[in-house]
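Each residue of the sequence shown is one higher than the one before, starting from 337 at the first, in the numbering used here. Just so you know, even glycine gets a beta-carbon here, dropped at the ideal spot from N, CA and C.
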Amino acid sequence: IVRKLLKRLPAAISSCPLIMRQGLGLMRVQLRSKFPKIDDLRMATSLFCLRFLCISLLDQAMLKSSKRASTANQYRSLVLISKMVQFVANGYVVPGHKYYADQFNTFIQSQARTLPSFMRQMTSKYSGLRMTISGRVTL
């Protein structure tokens, strides 16, 4: 499920509101200036997944608006999916050498470039934005 979700994200870029794309690009610029030693693309990807993508997966209002109510098992599944997305975004490796950890780590490593690539596509046009003192955005 997570692989399919990650595969479909780039197709959604064109339907993403322009203001959000500009905001994410500006966030990358701000991250780059505040934390020059840290990869702004990776950090922006992690923040996007944590604050937007994973929350939308777990949003109870969205679940309740569907024709059938979600069960506890469905909710737990969505929690696991959102955790895997966040692991991929952060490049987090699950500690341990148990069977499930090896499977998770293989998946995370195979998808390591997917989300940063998505974020680069989302923000490439807008990552050169600059804020003026008045708060206006300029190129």
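1. On the three-state DSSP scale, how would you describe S446?
2. Just mark S382 as buried or exposed, buried being the case when its beta carbon has 16 or more other beta carbons within 10 Å.
3. Just how far apart, CA to CA, sit P346 and Q457?
4. As a quick exercise: from L362, S392, S350 and L416, pick the residue whose alpha carbon is nearest that of M379.
5. Between which two residues does the alpha helix (DSSP H) harbouring A348 extend?
6. Which term fits A425, buried or exposed, when burial requires 16 or more other beta carbons within 10 angstroms of its beta carbon?
The answer reads as follows:
1. helix
2. buried
3. 8 angstroms
4. L362
5. Segment: none, A348 is in no alpha helix (DSSP H) and carries neither H nor E.
6. buried
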